[in-house]
Amino acid sequence: MNPQQLNLDFFAKLLRQRTGLNISDNEQEKACHILENRLRELRFNSTESYYQFLNEGSVKAEQEWQTLVELLTILESFFLRDKGQIKILKEQILPDLIQRNRSSRRLKIWSAGCSTGEEPYSLALLIQKLIPDYHNWDILILGSDINTKALAKAESGLYSKWSLRDVEADVLSHFTPAEKGLFALDPAIKNRVNFRQLNLLQAPFPDYQINEIDLILCRNVFIYFTPQAITQVIEKFTHTLKAGGYLITGHGELYQQNLQGLKSHVFVESVVYQKHHDEIFEIIDIPEQPELPSLTLTETLQPSTLEATGTSSQATPVNTDLSPEEHYAKSIQSAENKILDLLDFDANYELAKSYANSGQYPIAEKHLQAAMNINSLNGKPYYLLSQVKELQNDREQAKELLQKVIYLTHDFIPAYLDLAVLHQQQGETQKAAKMRANALHLLKKRPADEYLEDCEAKVSDIIRHLS
Ligand SMILES: C[S@@+](CC[C@H](N)C(=O)[O-])C[C@H]1O[C@@H](n2cnc3c(N)ncnc32)[C@H](O)[C@@H]1O
């Protein structure tokens, strides 16, 4: 075995145990480079001594773990990231929590894996809009991350334009220009957020501070985790949430996870998880079996649609009985239907041909049906569909379709010939002969017509039968 590979396997295992991070196959080379560089920079003369150092649990080793996580993951974050989820937070989740906690006036929000702080500060900005008497409330907004350097940046409250790339003017009004081209967050907002270093996999929580949480945001963190590590953290999150509290992750990050104790609320914009509560009451007003609205990606992602008009539509709750996978499948289906609506006759027909050629008959049929809906008098899609049906051994349907083709385009010779073959196969010899005679008649009438090439193979078939 390649010695570098052997070492990487050891490190990868240790990394999984300590941080939950997974080194995927295509990241192995990058991970090897990172480890080699660290060995060189820290002047370890063997991989074993570096490995032992990482394992020793000293303060320096902990710092080294943070550096490794930083090198192996992306710290990228920005204000009000993911407009769709922000919309759900603003219109559904936070108003619901505020309503429920109105008598206690307590609210606990945790941004787990907050990187440089844009996420918890975004929450603070939302909260201050939604709770005008903020000062009368006892509110914890906590940001945590494994990386202390990222947290130090978060605590500074200083951000580049890049972190503010997706925000509206009213959010920018909470920043003032600072040194080095940075922007300083208004101290009134900054002081509402607490930060804490915490390794999600290793830290035991709930704890003295992280308990009875109303809302956990853990977005774009699990993308690097092994499924086992995600399971462990989700279990701890579930214990940490208050009954009825919410969890929001990045899209699809809990795919195929067993979410015991959590209920999925499927919105068009995102899935939101909620800890079960004993009382049976619905937090969100979910309509009975609604039609899943199509994924309006542009509407969801374009900043202008939310704030600019000031008349943003309500985040749309969808069917809670659907699992996230079912939701995604339905969303894809819905988006596909929308795309279908945008295609013209020719595009549908060309796509149908490609799908039929590659054996994807149901998709081909869908495009053919769409083409027929656009122009029901053109014989081409009927003819192609007859071939698709034939390939699927549905001869009756194929025959019916060929008759339609002949009705629409009475001089389309291949349709007569195909019908002849189908009749012949079913022992309807007279009908078959009639079709061949029709084809021959048309051929004689139009010897050089446009279908001649298509008919070539079939002509020999006719001649064989007639002779
Ligand atoms: C891409 S950032 C996500 C920032 C923010 N949540 C967002 O969506 O914009 C991922 C963060 O997860 C942190 N992270 C990775 N592994 C972690 C662990 N085991 N415990 C805590 N944080 C971790 C990284 O340090 C990084 O800051």
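As numbered in my numbering, residues 21 to 487 make up the sequence shown, in order. We treat Cβ as the ideally placed atom computed from N, Cα and C, and that holds for glycine.
Beta carbon of residue i, beta carbon of residue j: below 9 Å?
i, j, result
"S351", "I108", "no"
"L150", "G163", "no"
"K128", "K262", "yes"
"N156", "R120", "no"
"I254", "L279", "yes"
"L442", "E410", "yes"
"Y293", "Y266", "yes"
"K386", "L360", "yes"
"F215", "G137", "yes"
"Y275", "I209", "no"
"G281", "H296", "yes"
"V89", "L41", "yes"
"K373", "A384", "yes"
"S180", "F203", "yes"
"L397", "L428", "yes"
"F287", "V187", "no"
"D366", "Q407", "no"
"Q412", "Y381", "yes"
"L220", "I147", "no"
"Q277", "I233", "no"
"I268", "I230", "no"
"E273", "N240", "yes"
"R58", "Y70", "yes"
Can you tell me whether residue i is buried or exposed? The criterion is at least 16 other CB atoms within 10 Å of its CB, across all chains shown.
i, result
"N368", "buried"
"L205", "buried"
"G447", "exposed"
"T39", "buried"
"P401", "buried"
"H53", "exposed"
"F432", "buried"
"E49", "exposed"
"N27", "buried"
"T246", "buried"
"T449", "exposed"
"Q105", "buried"
"Q86", "buried"
"L143", "buried"
"I94", "exposed"
"L192", "exposed"
"A435", "buried"
"E68", "exposed"
"R185", "exposed"
"L62", "exposed"
"W182", "exposed"
"R456", "buried"
"F31", "buried"
"H194", "buried"
"N458", "buried"
"H285", "buried"
"K419", "buried"
"G201", "exposed"
From what residue to what residue does the beta strand (DSSP E) around residue i run?
i, result
"P197", "195-197"
"V187", "Element bounds for V187: n/a, residue is neither H nor E."
"Q222", "Looking at the DSSP string, Q222 is not in any beta strand (DSSP E), and its letter there is neither H nor E."
Does residue i have its Cβ less than 9 Å from a Cβ in chain B?
i, result
"V187", "Among the chains of the structure shown, chain B does not appear; only one protein chain is present."
The alpha helix (DSSP H) with residue i in it runs from where to where?
i, result
"Q450", "449-465"
"F30", "23-39"
"F203", "Careful: F203 lies outside any alpha helix (DSSP H), inside the beta strand (DSSP E) at 203-205."
"I43", "Counting along the chain, I43 falls outside any alpha helix (DSSP H), and DSSP gives it neither H nor E."
"E364", "Going by the sequence as given, residue 364 is Asp instead of Glu. Unbroken run through D364: none, as it is neither H nor E."
"S66", "Element bounds for S66: n/a, residue is neither H nor E."
Ranges of the beta strand (DSSP E) found wholly within the stretch 231-304, counting only runs of at least 3:
Listed in chain order, they are 233-238, 261-269, 282-286, 291-295.
Which ranges does the beta strand (DSSP E) cover as unbroken runs of at least 3 residues, wholly within the stretch 110-159, from first to last along the chain?
Within the stretch 110-159, the runs of beta strand (DSSP E) that reach at least 3 residues and sit entirely inside it are, in chain order, 126-132.
4 or more residues per run - each alpha helix (DSSP H) lying fully within the stretch 381-443:
The alpha helix (DSSP H) runs lying completely inside the stretch 381-443 and spanning 4 residues or more are 381-394, 400-411, 415-428, given in chain order.
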